[in-house]
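The opening position of the sequence shown corresponds to residue -8 in my numbering, with each subsequent residue numbered one higher.
One structure is given below, encoded as structure tokens.
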Amino acid sequence: MIAAAALLTVTACGEQADTTDSGAGGNGDAPPASQELSRAPEEVPHDGPVPVGQIDSKALPEGYPVDVSVSDKGHTLTVVAQEGGCTKASAELAEETGERVTVTLIESNPADKNVMCTMDMRYPPLTVELDAPLGDREVVLDHEQATH
-8 MIAAAALLTV
2 TACGEQADTT
12 DSGAGGNGDA
22 PPASQELSRA
32 PEEVPHDGPV
42 PVGQIDSKAL
52 PEGYPVDVSV
62 SDKGHTLTVV
72 AQEGGCTKAS
82 AELAEETGER
92 VTVTLIESNP
102 ADKNVMCTMD
112 MRYPPLTVEL
122 DAPLGDREVV
132 LDHEQATH
């Protein structure tokens, strides 16, 4: 008998929630939940990881990380670089067109060849600022070696 009463209470509560969710008894100003959800993706900019299929990483050395994300409503591109020992990584926005954004990752080695260097690897996140949101444009990652 207690189980039957509990089931009746749960069913009654569920039915009441269903009528309020459908808009019955509301103030008439709020759109149904389905309309609110359909508008949300248009208002939210594409911030987060850039899909692998949108990244051209052919110019990177073998084993180099391919990790790109976008933030600041699509205006800031963050690329994970690789450096180790005495090398220092930096990034430059090489080109920004309507179809693609090219970022050059620069690995700088010390000019003095007699410097003792550690054998550690580091993966610093480097940022470049875009004039326009990334959107669906391709991200091309280029790589250069330099001395400092």
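Using N, Cα and C, we set each Cβ at its ideal position, and we do this for glycine too.
Treat the numbers as computed from the prediction; the structure is a model and nothing was measured.
ask   = When DSSP labels each residue in this structure, what does Gly89 get in the three-state scheme?
value = Against the sequence shown, residue 89 aligns to sequence position 98. Coil, per DSSP.
task = Starting from Ala139, trace the beta strand (DSSP E) both ways and give me its first and last residue.
result = Against the sequence shown, residue 139 aligns to sequence position 148. The identity of residue 139 in the sequence shown is His, whereas the question assumes Ala. Unbroken run through His139: none, as it is neither H nor E.
ask   = Under the rule that 16 or more other beta-carbon atoms within 10 Å means buried, what is Ala123, buried or exposed?
value = For this step, residue 123 is matched to residue 132 along the sequence shown. Exposed is the call here.
Per-residue DSSP class, three states only, for Gly76 = By one-based count along the sequence shown, residue 76 stands at place 85. Here Gly76 sits in coil by DSSP.
ask   = Is the segment 65 to 73 in contact with the segment 95 to 114, if contact means three or more CB pairs nearer than 8 angstroms?
value = Yes, the segment 65 to 73 is in contact with the segment 95 to 114.
ask   = Since Ser62 sits in a beta bridge, which residues does DSSP pair it with?
value = Start at 1 with the first residue of the sequence shown, and residue 62 comes out as number 71. Note: Ser62 sits in a beta bridge opposite Thr67.
inquiry  = What would DSSP say about Gly126, mapped onto helix, strand or coil?
reply    = Position 135 of the sequence shown holds residue 126. Here Gly126 sits in coil by DSSP.
query = Out of curiosity, what's the CA-to-CA distance linking Asp38 and Asp127?
reply = If you number the sequence shown from 1, residue 38 lands on position 47. If you number the sequence shown from 1, residue 127 lands on position 136. Within the model, the alpha-carbon separation for Asp38 versus Asp127 is close to 12 angstroms.
message = Does the beta-carbon of Glu83, which I'm using as the reference point, lie nearer than 6 angstroms to any heavy atom of the ligand FAD?
response = Looking for the ligand FAD in the displayed structure turns up nothing, as the structure carries no ligands at all.
ask   = From Ile46, Cys77, Leu84, Thr88, pick the residue whose C-alpha is nearest to that of Ala102; which is it?
value = For the purposes of this step, residue 102 is taken as the residue at position 111 of the sequence shown. Comparing Cα-Cα distances from Ala102 to each of Ile46, Cys77, Leu84, Thr88, the minimum goes to Cys77.
query = Mapping DSSP to helix, strand and coil, what is Val43?
reply = Locating residue 43 in the sequence shown gives position 52, where the first residue counts as 1. Helix, per DSSP.
message = Please identify the residue among Tyr55, Thr138, His139, Val119 whose C-alpha is closest to the C-alpha of Thr69.
response = Within the sequence shown, numbered from 1, the residue matching residue 69 stands at position 78. Here the closest residue by C-alpha is Val119.
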